[in-house]
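> To start, I am sharing the structure in question, which I have written as structure tokens.
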Amino acid sequence: RASSIRHIPLQGAVNVRDIGGYRAAGGRVRYGLAYRADALSKLTDADVTALGKLKLRQVVDFRVPLEVQYDGADRLPAGVPGISRAVTDNGLYAQILAAIGSGDPAKQEEMLGNGKAAAFMRGVYPAFVSSADNRGQFAATLHDLAYGGRGALLYHCTSGKDRTGWTTYVLLRLLGVSERTAVADYLASNTFRAAADAKLRDGLKQSGTMQNPDLLIPLQEVRTEYLAAALDQVRRDYGSLGRYVAEGLRVDRRTAALLHARLVN
């Protein structure tokens, strides 16, 4: 449930959460070691100070260069290294920019209407599994969590919902968190993003940029059908999530045991 999630309230980011607290195999996921987030480029000075209290040793940014170019680099506390590990969004960000930027209601409808936006999202997720480059970025992040030493790790993308949501889903399942709970954590992005996403749509309508900004809703949301698209790819390529983790993400038994020892108490 979203109500039991430890949300980090910030002014410049809306989907920052501690993944701790969930019942896992042999205990609960520890608080204060792994954080999931949306982009940190719009943080206020007060936000940066708040982030500084999380004792972060590293921040991993899954955004592609186009996203960083438009939204800006992360604002991080002094001494916290940021690592770029671009995971392709399959052109999602460029698609949104093109649709909005056209300012043409007919073109926007053509690009996003009639279920096209949701279909586009269902096309984004399989690449988290099938792309060797993407698997490498996720693998490096899980290995950092296992072997990275003291302090916490924060990983994020732009909205903190798709690439970040998939990473968290896989990590929670690896730690023995139930499917139901891992899916609920994934879907909670809708709760935390709702107000900011609605504000963006309102702004686009007020400015006359989009006549029907609700076309963006499937791109702004997470849905079980999107997660299912990744899991279908897992079954096709690996047969099971366990084999995807072991073979696709190179998390061997030692690494899995280290992750569990470090992140579950």
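Reading the sequence shown from the start, the letters are residues 72 to 336 in this note's numbering. We treat Cβ as the ideally placed atom computed from N, Cα and C, and that holds for glycine.
Using CA atoms only, rank isn't needed, just tell me which of Tyr315, Leu246, Lys124 is closest to Asn205.
Of the candidates Tyr315, Leu246, Lys124, the one whose C-alpha sits nearest the C-alpha of Asn205 is Tyr315.
> Which of helix, strand or coil does DSSP assign to Arg294?
Arg294 falls in the coil class under three-state DSSP.
> Could you please give the first and the last residue of the uninterrupted beta strand (DSSP E) stretch that includes Asp233?
Here Asp233 belongs to no beta strand (DSSP E), and DSSP marks it neither H nor E.
> Beta-carbon within less than 7 angstroms of Ile171's beta-carbon, same chain only, minus the 5 sequence neighbours each way: which residues are those?
For Ile171, where only same-chain residues beyond five positions count, the Cβ hits under 7 angstroms are Leu275, Thr280, Met281.
> Does the stretch 187 to 205 come close enough to the stretch 213 to 232 to have 3 or more Cβ pairs within less than 8 angstroms?
The answer is no - the stretch 213 to 232 does not touch the stretch 187 to 205, with fewer than three Cβ pairs under 8 angstroms.
> Strictly by DSSP, which residues pair up with Arg77?
Asp89.
> Answer with buried or exposed for Asn185, where buried requires no fewer than 16 other C-beta atoms within 10 angstroms of its C-beta.
So Asn185 counts as exposed.
> Can you tell me which of the three DSSP states Ser260 falls into?
It is helical.
> Does DSSP put Leu111 in a helix, a strand or coil?
Of the three classes helix, strand and coil, the one that applies to Leu111 here is coil, per DSSP.
> Answer yes if the stretch 227 to 244 comes into contact with the stretch 286 to 296, meaning at least three C-beta pairs across the two stretches below 8 angstroms, and no otherwise.
Yes, the stretch 286 to 296 is in contact with the stretch 227 to 244.
> Measuring alpha carbon to alpha carbon, tell me which of Ala211, Leu168, Leu183, Arg88 ends up nearest Pro157.
Here the sequence assigns Ala to residue 157, which means Pro is not the residue at that position. Looking at the Cα atoms, Ala211 is the closest of the given residues.
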